[in-house]
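Numbering (the working numbering), first residue to last: 988 to 1123.
Virtual Cβ for every residue (Gly too), placed ideally from N, Cα, C.
From a predicted model like this one, the values you see are computed outputs, not experimental measurements.
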């Protein structure tokens, strides 16, 4: 057995070939993921809902900083969630954009999506998650 620097052990297997002997080490495979990024073009497709009167570049940076790529940003914007921090809070509570796209009267005001009401502050992220994940 071989110990690595993390305290895990790797077992050696000796394979016997007619003329050679090989040693195989079983080590965990490293997985590299590309960093996610939201581009200004994604924000521009949604107009004022997405950029909130600012520039598409600054809104794209905010979505990128919150850990969202183009596809996920578009899904949250389709659910009418204009605030990347609200979207991140809902994700951390196990809510998908499609679940948050459900319309509700909760939180006062007009009927709108749960995502919009959380982003606007009419519902807390936890309150929005409860409504998204309930069976009613």
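Where the alpha helix (DSSP H) through residue i begins and ends
| i | result |
| --- | --- |
| residue 1112 | 1112-1120 |
Rounded straight-line distance, which links the Cα of residue j to that of residue i
| i | j | result |
| --- | --- | --- |
| residue 1063 | residue 1018 | 27 Å |
| residue 1047 | residue 1119 | 26 Å |
| residue 1042 | residue 1013 | 50 Å |
| residue 1101 | residue 1045 | 24 Å |
| residue 1052 | residue 1026 | 12 Å |
| residue 1107 | residue 1016 | 43 Å |
| residue 1115 | residue 1061 | 19 Å |
| residue 1039 | residue 1121 | 30 Å |
| residue 1037 | residue 1117 | 25 Å |
| residue 1109 | residue 1082 | 17 Å |
| residue 1049 | residue 1068 | 13 Å |
For residue i, three-class secondary structure by DSSP
| i | result |
| --- | --- |
| residue 1109 | coil |
Quiz prompt | Runs of beta strand (DSSP E) lying entirely within the segment 1025-1104, each at least 3 residues, in chain order | solution = none
Exercise. Say whether the segment 1022-1036 touches the segment 1056-1071, bearing in mind that this needs 3 or more beta-carbon pairs closer than 8 Å, one atom from each stretch.
Key: yes
Quiz item: Quick one: any contact between the segment 1071-1081 and the segment 1090-1098, if contact means 3 or more CB pairs under 8 Å?
Solution: Here the segment 1071-1081 does not lie against the segment 1090-1098, with fewer than 3 beta-carbon pairs under 8 Å apart.
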